[in-house]
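According to this note's numbering, the residues represented by the sequence shown are 5 to 169, in order. No residue lacks a Cβ here, since even glycine has one placed at the ideal position from N, Cα and C. Predicted model only: the values in this text are computed from it and were never measured.
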Amino acid sequence: MALVDSADARGEVALTWAADKGYANVARILLESAANPNRSGEAGYAAIHLSCSRGHQEMLEVLLNSRAKADAVDRQGRTALHRASRQGHAKMVEVLLAAGADMDILDNRGMTALHLAAYDACVDVVRLLVHSKADQGYIDMHDRIALDYARCPVVQSLLAEFGPS
């Protein structure tokens, strides 16, 4: 393990800290110094998860260009796509899909990114996912599909229009 991947007293590594804050230039320096782009901190999140949760697009692009795994899962079984979708970061979702992220990975509760976007009424993300042919037929641990979580009429309409796969 490279020194730049050492954890601090809280169990966090410098790259995850930089990703959380959106410090892309710091991340570049760390990655050029052999930081592992896929290393998780004590909380179980890799830098890609934090950048997507916070909407730091430049950071995401730096990480993907440094071979961060787009489909890496955290302790909840969630990917960067789950994180970006839940927060409504449509541009991040576009970047992840262009990088080949799998839309149909199930988290520990059986939810896909589409479930989360529907639940949080993230219209632009739902639109992106359904136009990209995300499978609407996945049933989570509560026996619900994405449409069951949709409370927003626009999201309901989008999901109904494209229907379960």
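Inter-residue Cα distance where the pair is Lys73 and Asn40: Those two C-alpha atoms are separated by around 11 angstroms.
field: Extent of the continuous alpha helix (DSSP H) run through Pro157
entry: 157–166
- request: With DSSP as the reference, please indicate the residues paired to Val127 in a beta bridge.
  value: DSSP lists no partner for Val127.
- request: Could you pull the start and end residues of the alpha helix (DSSP H) that Ser57 belongs to?
  value: 51–58
query: Are the beta-carbon atoms of Ala150 and Leu163 separated by less than 8 angstroms?
result: The Cβ-Cβ distance between Ala150 and Leu163 falls below 8 angstroms.
task: Quick one: grab the DSSP three-state call for Ala18.
output: helix
query: How many angstroms separate the CA atom of Ile33 from the CA atom of Asp106?
result: Rounded to the nearest whole angstrom, the C-alpha separation of Ile33 and Asp106 is 29 angstroms.
- prompt: Using the rule of at least 16 other Cβ atoms within 10 Å of the residue's Cβ for burial, across every protein chain shown, is Asp78 buried or exposed?
  reply: Asp78 is buried by the Cβ-count criterion.
Identity of the residue in His53, Lys137, Ala94, Glu65 nearest Thr83 by Cα: His53
- prompt: Beta-carbon separation of Ala117 and Leu68 under 8 angstroms?
  reply: no
task: Confirm, please, whether the CB-CB distance from Asp24 to Arg58 is below 8 angstroms.
output: Yes, these two residues count as a Cβ contact at 8 angstroms.
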